[in-house]
């Protein structure tokens, strides 16, 4: 069997396997639409673009991995309803606070996953590697099957990664919130720094000067000052009031 006959026969077999998914563009060019099974309620579909060189299968075909176009036509009625719900979820975000958005994102995490250009490049490299292992035999069905498996695994990996990132952010937010209740531990150094700052804010030094001037004009002796505790009374009151303001 020559290369052309092998190519024609492979296309016929593929048409029987993918009666609705295979789109023939020419005798040597076609696309296979591959619907993925994912946790998402949305339909994720890739397209494997295949072009036969004249000597295929003795060489690998020209391949490309694309996001399928016009995937809406593949939706059944339930899928369309689910996708409408997703659209509403997206639109309503503007009217919700950040906490509500985070909760919705956690509950609908799989709905936020999209295949990126980098993802498509990763999938392409994998099927090219497999194609080189299949040289000499018709290989497109094997490549399409691998693409489906690899894409579904990549979707799961991306979902797991996003979930892990969300969990880390949640733990960090909880840690920050907990610190508000725990306060800052008071050490000798932190108290001294707070006291200096407090004295400046309360104009402590000036008050002390005024106080001692008043004492001098009243002709209090050093013993009287000591016994009356005037030298420390206001400082103690000021510090006591300030300590109440320290978050513990």
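In full-length UniProt numbering, the protein residues as written are 1 to 248.
Beta carbons: idealized from backbone N, C-alpha and C, even for Gly.
In this text the structure is predicted, and so the values were computed from the model without any measurement.
- Of all alpha-carbon atoms in 203, 147, 141 and 41, the one lying nearest the alpha-carbon of residue 126 is that of 147.
- Beta-bridge partners assigned by DSSP to residue 47: 33 and 66.
- If you look at residue 26, you'll find it in the beta strand (DSSP E) that goes 22–26.
- Assignment of residue 2 by DSSP, reduced to helix, strand and coil, places it in the coil class.
- A contact between stretches requires three or more CB pairs, one per stretch, nearer than 8 angstroms, and the segment 23–31 meets this requirement with the segment 49–60.
- A check of alpha carbon separations from residue 45 across 187, 66, 177 and 194 identifies 66 as the nearest.
- Contact check for residue 112 and residue 162: beta-carbon distance about 7 angstroms, within the 8 angstroms limit, so the pair qualifies.
- In terms of Cβ geometry, residue 138 and residue 10 form a close pair [threshold 8 angstroms].
- With a cutoff of 8 angstroms on beta-carbon distance, residue 110 and residue 187 are scored as not near each other.
- Residue 144 is positioned such that its CB atom lies no closer than 8 angstroms to that of residue 134.
- When secondary structure is reduced to three states using DSSP, residue 135 falls in the coil class, being assigned neither helix nor strand.
- Around the Cβ of residue 173, a 10 Å sphere holds fewer than 16 other Cβ atoms; the residue is exposed.
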